[in-house]
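Below is one structure; the comments refer to it alone.
2 protein chains.
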Amino acid sequence: MPQQLNAASGDFERRFLDLLAAKREVSEDVDAAVRAILADVKQRGDAAVVDYTNKFDRVSVSGIDALRVSSAEVDAAEKACDAEVLKHLDLAASRIRAFHEKQKPSDLDYTDDAGVELGMWWKPVEAAGLYVPGGTAAYPSSVLMNAIPASVAGVDRVVMVVPAPDGVLNPLVLAAAKRAGVTEIFKIGGAQAVGALAYGTQAIKPVDKIVGPGNAFVAAAKRQVFGTVGIDSIAGPSEILVVADGNNDPDWIAADLLSQAEHDTSAQSILITDDADFAAAVTQAVDRHLATLPRAGIAATSWAEHGAVILVPSIEGAIGIIDRIAAEHLELAVDKPRALAAKIRNAGAIFLGRHTPEAIGDYVAGPNHVLPTARSARFSSGLGVIDFMKRTTFVGCSPESLAKIGPAAIGLAAAEGLDAHGRSVAIRLNRG
Amino acid sequence: MPQQLNAASGDFERRFLDLLAAKREVSEDVDAAVRAILADVKQRGDAAVVDYTNKFDRVSVSGIDALRVSSAEVDAAEKACDAEVLKHLDLAASRIRAFHEKQKPSDLDYTDDAGVELGMWWKPVEAAGLYVPGGTAAYPSSVLMNAIPASVAGVDRVVMVVPAPDGVLNPLVLAAAKRAGVTEIFKIGGAQAVGALAYGTQAIKPVDKIVGPGNAFVAAAKRQVFGTVGIDSIAGPSEILVVADGNNDPDWIAADLLSQAEHDTSAQSILITDDADFAAAVTQAVDRHLATLPRAGIAATSWAEHGAVILVPSIEGAIGIIDRIAAEHLELAVDKPRALAAKIRNAGAIFLGRHTPEAIGDYVAGPNHVLPTARSARFSSGLGVIDFMKRTTFVGCSPESLAKIGPAAIGLAAAEGLDAHGRSVAIRLNRG
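Protein sequence lines, in the order shown, are assigned to chains A and B. Sequential numbering of the first sequence, starting at 147, is according to this note's numbering. Sequential numbering of the second sequence, starting at 147, is according to this note's numbering.
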């Protein structure tokens, strides 16, 4: 049974704060182990990567070449995939690409009234590394979601690393990589793979940015190489907030709540509704679904331990609560979802109306499914094309425009006590 | 005497790698001390902030109210400023605001061929915190550069913290805050100020994002509160790369190199030129300038220890070197700077042509002077309006459009073993 909160009751604020503050993850301290692996990879390069891979992935390869995935291997993997699933993957890839193409930012380039040329150029990073977890967490949809934005941004090299424990690799992951514009693939994982991407080895040229989910070792390694390379945010357990009035089918809403809960026992599913009877009906529907779901054990634990049902006097009045939750995924199962969405400030992704289950966004809608967790939608965004680009601003002065704005720079430099700053301007105005 | 490198010589690659890898900063390990301060501020709130402020800033106030800067105090500070300098500050603020207004991103909202509503809304963060160093490093220009983008983004609360050691505060910093749209000011600093912004206290409501430069304690505190709030990048020592052919006045270029060198002994100034005689003339000009500059001690140390002159066979051929340096500030003192700039991938900000000294960008040009250091221009950007905003993507399906794309989601969910995902779609297609 999930927590039941009532926004109209006296203890709501205290209980809501507890819900927001609840830790859902046990953080493992693997910093020292990761530091040693990274230092070794930095020093010994491929040899270290091969040693750690043999040890942690229980393989026995003699060199890095055996860990490089050839295009023939990719093609063979693709042939091993179900043809129908490949068609679905094609649809997903093309829809994700189409949406991300529309995200491409525009440069800025103009001359202002003072005659100063001003602007900003967007350029892709040269190389990106994509970490893909191995084993059961190897999701082809995540390959598409992480690699396609890099490809659309125009990144030259998209290097995928994916561990193949015991030599086993999900062929759909390779088929997804082919569709997503990945240019190099290595069967390596863990901190050693992150180190290879960040520092480079003899066989793997360093990248500029590393993205993708991973276990505690991968997360710690990404934190430690940050600065040498850029990284994406460190993802926490998944979350959904469903806002639903009483005019919904409880079975549908229950399925949506469970689609997050089945990810992980630390996932969180929250329902906000203004209808107590509907809330009860959803809770019962959850139990009915659980009876037939393969991942019922995980989903039931997540729902019981982290789930919540919040009863509110009105949906409109719940906007403050919605913004404070700042959910990764927000479903608005109401009549006028756009009007409600317009009033909401914080959410990773919004799913509008009764016919837009969150899962459609996990696979084929088009927007990215890599989204801010743990309330970070207050200040951060889902993965996008601009995460693989950077901006360079520019200024160009003529002697005339410098004469117009230069004196203010000289005056401010003097006020800040930075005389060489002032002199570099003054000397060009013949006031040096 | 700075290092002299010649791109045509056999030892260039080795020496260039050494130059790129050279550490210019001594990192202080203050993590434990900062952790204790943050925990105390989180627990005791204002009382802890007051205690640390009395101790570290050598003041003796009895409560947080004495540390809040009233608008009357701001007005009085403004009156104490030189009228001419205020005019310069006005020009700077209006030019910075004008440039950043043009950075405001556009939303995306469309319906695709399948009938799916898709898009992305940009929203400002609700509250931003701006850290401003006290004492001699309190630069009014930095207040403008950090606060104006937040103001343009539409952030509701822009909270500035600035320590006033011994009760002393630079009045120009308050005058800049007034022009930059700062909404609250507290005379607090160090890790305690960062903690107050991140966790909130009785008097200071928490913010969502913290930006601005600071000492080792401030940098460590920002790293530790990251996740609770967003932060900007941790700035390293400043750098300039000047690319100049022989048709420049050596005195001008020398002044530009010194305008970075005077910041800090760990700043770095590099000249790339294709003219050995010009290189020698610049080196001599640097020495002449140093004889008359107030901050000659700092500038001379920076130039001798971290400066470099790189002789290249041709400017065009130096693009690879320029990109590998990925300088914070890049001056292109050549005839056709735009043609050269178009080929460059990595730079924080570019200054075009012989009449655009970098210092013009520090104060009045318009683009931001908070820029990526230490080669991070390979993957990150200067501060901008979007750093105070976040994107929420959205999807809206009708029964018809869900019927078109839903089956692929069901198929992929099945391939990934996530049955509740598939069910949440199938149930709406009457296939549940």
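Ideal Cβ positions, reconstructed from N, Cα and C, are used throughout, including at glycine. These numbers were taken from a predicted model, which means no experiment stands behind them.
- For A:E330, the three-state secondary structure derived from DSSP is strand.
- What A:P309 touches in chain B, judged by beta-carbon distance under 9 Å, is nothing: the nearest beta carbon there is about 18 Å away.
- A:I418 and A:V458 do touch by the CB rule: their CB atoms are close to 6 Å apart, below 8 Å.
- DSSP lists no bridge partner for A:M291.
- The contact set of B:Y285 on chain A, defined by CB atoms closer than 8 Å, consists of E562 in chain order.
- At a cut-off of 8 Å between beta carbons, B:N394 makes no contact with chain A.
- If you check the CB distance, A:A426 and A:L436 do not come in under 8 Å.
- When the beta-carbon positions are compared, B:V298 and B:K250 come within less than 8 Å of each other.
- Against chain A, a Cβ distance below 8 Å from B:L320 picks out nothing, because the smallest value is about 13 Å.
- Within 10 angstroms of the beta-carbon of B:Y256 lie fewer than 16 other beta-carbons, which makes it exposed.
- Taking C-beta atoms as the reference points, A:L558 and B:S287 count as a pair closer than 8 Å.
- Annotated as proximal: B:V215 and B:F332, with beta-carbon spacing under 8 Å.
- Residues are counted here when their Cβ sits less than 9 Å from a Cβ of chain B; for the segment 489–513 of chain A these are I490, R491, N492, A493, G494, A495, I496, F497, L498, G499, R500, H501, T502, P503, E504, A505, I506, G507, D508, Y509, V510, A511, G512 and P513, given in chain order.
- With contact defined as three or more Cβ pairs closer than 8 Å, the segment 169–185 of chain B and the segment 288–307 of chain B are not in contact.
- Judged by DSSP in its simplified three-state form, A:H475 adopts strand.
- By a beta-carbon distance limit of 8 Å, A:I210 does not contact A:V220. Their separation comes to about 18 Å.
- Within chain B, the residues whose beta carbon sits less than 7 Å from that of A:D402 are S570, listed in sequence order.
- Rounded to the nearest whole angstrom, the CA to CA distance from A:G494 to A:V516 is 9 Å.
- Under the three-state reduction of DSSP output, B:I386 falls in the strand class.
- Inclusion of A:A260 and A:L387 in the CB contact set at 8 Å is not warranted, their separation being larger than that value.
- About 6 Å separates the Cβ atoms of B:A321 and B:L235, confirming a contact at the 8 Å cut-off.
- At a cut-off of 8 Å between beta carbons, A:F424 makes no contact with chain B.
- The residue among A:D565, A:E562, A:R537 and A:A572 with its C-alpha nearest the C-alpha of A:K550 is A:A572.
- Between A:D253 and the set A:V262, A:I242, A:M266 and A:I490, the nearest pair of CA atoms involves A:M266.
- Neighbours of A:V262 in chain B, taken as residues at a C-beta separation under 8 Å, are given in chain order as A511 and G512.
- When DSSP states are grouped into helix, strand and coil, B:D469 belongs to the helix group.
- Within the DSSP secondary-structure output, B:V307 pairs in a beta bridge with B:Y277 and B:F332.
- Residues of chain A with a Cβ closer than 9 Å to the Cβ of B:E408 are, in chain order, L564, D565, A566 and H567.
- Of all residues in the segment 530–559 of chain A, only G530, K536, R537, T538, T539, F540, V541, G542, C543, S544, P545, L548, I551, G552, A554, A555, G557, L558 and A559 come within less than 7 Å of chain B when Cβ atoms are compared, listed by chain position.
- With its beta carbon at least 8 Å from every one in chain A, B:R470 lies outside the interface.
- For B:H234, the neighbours in chain A by C-beta distance under 9 Å run, in chain order, P553, A554, A555, I556, G557, L558 and A561.
- Cβ neighbours of A:G392 within its own chain (closer than 6 Å, five residues either side excluded): D421 and F424.
- When 7 Å is used as the limit between beta carbons, B:K324 is near no residue of chain A, the shortest such separation being about 16 Å.
- Look at A:G542 here: in three-state DSSP terms it is strand.
- A Cβ of chain B is located within less than 8 Å of the beta carbon of A:F525.
- Only K233, H234, L235, L237, A238, R241, A244, F245, K248, Q249 and P251 from the segment 233–253 of chain A bring a Cβ to less than 8 Å from some Cβ of chain B.
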